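Report on the following structure.
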Amino acid sequence: MTIRTPYSYSVLRYIHDISTGEFVNVGIVLLSPTEPRLRFQFRKNLGRIGEIFPDLSYSAFRAILKGVTKRFEAVKDAYESPLEFGTRPSTLQEILISVLPKDDSGLQWGDVSSGLSPDPDQTLARLYERYTGKYDRAKGKAGRTDDDVWRSFKRQLEERHLLDFFEEKTIHGKNDDVKFDLAWKNGVWHCVEPVSFDLSGADSIKEKAHKCVGEIVGISDAPEKFKVYLLVAKPSTPELEDAFRRAVGILGNINNVPTEIYLEEEEDRLINALGTQIEAHEQGNSDAAHH
17 MTIRTPYSYS
27 VLRYIHDIST
37 GEFVNVGIVL
47 LSPTEPRLRF
57 QFRKNLGRIG
67 EIFPDLSYSA
77 FRAILKGVTK
87 RFEAVKDAYE
97 SPLEFGTRPS
107 TLQEILISVL
117 PKDDSGLQWG
127 DVSSGLSPDP
137 DQTLARLYER
147 YTGKYDRAKG
157 KAGRTDDDVW
167 RSFKRQLEER
177 HLLDFFEEKT
187 IHGKNDDVKF
197 DLAWKNGVWH
207 CVEPVSFDLS
217 GADSIKEKAH
227 KCVGEIVGIS
237 DAPEKFKVYL
247 LVAKPSTPEL
257 EDAFRRAVGI
267 LGNINNVPTE
277 IYLEEEEDRL
287 INALGTQIEA
297 HEQGNSDAAH
307 H
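Using this note's numbering, the first residue of the sequence shown is number 17, and each one after it goes up by one.
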């Protein structure tokens, strides 16, 4: 006889515009009180959400979900601890409100639903796929992503023995932050940012270009000096070539931050340029050390 465990769950929604009520689902929380276990899964990336809300800041979105995840990790530890038995919340609703109270903020809980499951872990995975999976790119249909461009460039740096000179760097503006996964400093931070325009339509390409410009301009008031190298990938659909050309033109409108644009097929040229600067910088340090 299969043992079925009672559970309750709720969907976490990101409300992009309070006035219109536009939202996307960004996570699932599932409680099995008889075990007792608290399970949750939240998005770690935008997927297609960036195309749905082109003015959404990726760094801000990721920071919000990272904060919620940390809070739930703490609540999970407390809930599942035997020492907390006497003060353990009795319902999922109590837990949800303790983490995110009901207000007019951008994150809100859906209604609490319940059921019986022979495997709550699989149920969580199924619910997550059902409610949030639709915002992922369809497998087999997705073009090259920013991560694909980044991995290729990183591999080239590694082969040229330059990767060790690079590190993660977050540039802090007055009102926004942007994290660059590959950055090198010689008095100025040289930040490489992959931007894939291998999308499904001209509007998506245009929106992504404006979003990229907005994020960089948003940190143009940062106290640290920095320069951005945009490594852009073309759409795989020839019909979108004109939209891509216009997108590159939009990227060229970044006036407040020193910026260079390289096509993905020009990554060797970018690596050569950075390699030359790194070599000169290291030679300068070596010469100074001998005097």
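Think of the CB as a built atom: it goes at the ideal place given N, C-alpha and C, for glycine as much as any other residue.
All of these numbers come straight from a predicted model, not from anything done at the bench.
{"Item": "Inter-residue spacing [alpha-carbon to alpha-carbon] between D33 and R59", "Value": "19 angstroms"}
{"Item": "Secondary structure, alpha helix (DSSP H): runs of 4+ residues fully inside the region 93-131", "Value": "108-115"}
{"Item": "Identity of the residues DSSP links to I44 by a beta bridge", "Value": "V27 and Q57"}
{"Item": "Which of helix, strand or coil DSSP assigns to P134", "Value": "coil"}
{"Item": "Start and end residues, alpha helix (DSSP H) containing F260", "Value": "E257 to L267"}
{"Item": "First and last residue of the uninterrupted alpha helix (DSSP H) at L173", "Value": "D162 to E175"}
{"Item": "Euclidean distance between Cα positions of N272 and V233", "Value": "7 angstroms"}
{"Item": "Ordered list of beta strand (DSSP E) runs contained in the region 201-277, each at least 3 residues", "Value": "205-212 and 242-249"}
{"Item": "Beta-bridge pairing of I187 - partner residues as DSSP gives them", "Value": "V194"}
{"Item": "Whether L72 touches I80 by CB criterion (8 angstroms)", "Value": "no"}
{"Item": "Where T292 sits in the DSSP three-state scheme", "Value": "helix"}
{"Item": "Helix, strand or coil at L72 [DSSP, three-state]", "Value": "coil"}
{"Item": "C-alpha gap between L112 and P105, whole angstroms", "Value": "10 angstroms"}
{"Item": "Rounded separation between V42 and Q299 - CA only", "Value": "49 angstroms"}
{"Item": "Short Cβ contact (8 angstroms threshold) for F11 with V115", "Value": "Residue 11 falls outside the range modelled here, since the chain spans only 17 to 307, and no answer is possible."}
{"Item": "Inter-residue spacing [alpha-carbon to alpha-carbon] between E252 and P274", "Value": "Note that residue 252 is Ser in the sequence shown here, rather than Glu. Each residue's alpha carbon lies about 29 angstroms from the other."}
{"Item": "Cβ-based burial, K227 [other Cβ within 10 Å; buried from 16]", "Value": "buried"}
{"Item": "Own chain partners of C207 with C-beta closer than 8 angstroms, once the 5 adjacent residues on each side are dropped", "Value": "K185, I187, F196, L198, A199, F242, K243, V244 and Y245"}
{"Item": "Local conformation of T21 per DSSP, three classes", "Value": "strand"}
{"Item": "Under the three-state DSSP convention, the category E51 falls into", "Value": "coil"}
{"Item": "Strand pairing of E38, partner residues [DSSP]", "Value": "D33"}
{"Item": "Alpha-carbon to alpha-carbon, D180 and G156", "Value": "Reliability fails at G156, whose pLDDT of 40 lies under 50, so the model's placement of it is uncertain and the value that follows must be treated cautiously. If I take the Cα positions, the gap works out to 34 angstroms."}
{"Item": "Through-space distance from E295 to G122, alpha-carbon basis", "Value": "47 angstroms"}
{"Item": "7 angstroms Cβ shell around V229 - same chain, five flanking residues per side excluded", "Value": "I266, L267, N269 and I270"}
{"Item": "For L140, the three-state DSSP class (helix, strand or coil)", "Value": "helix"}
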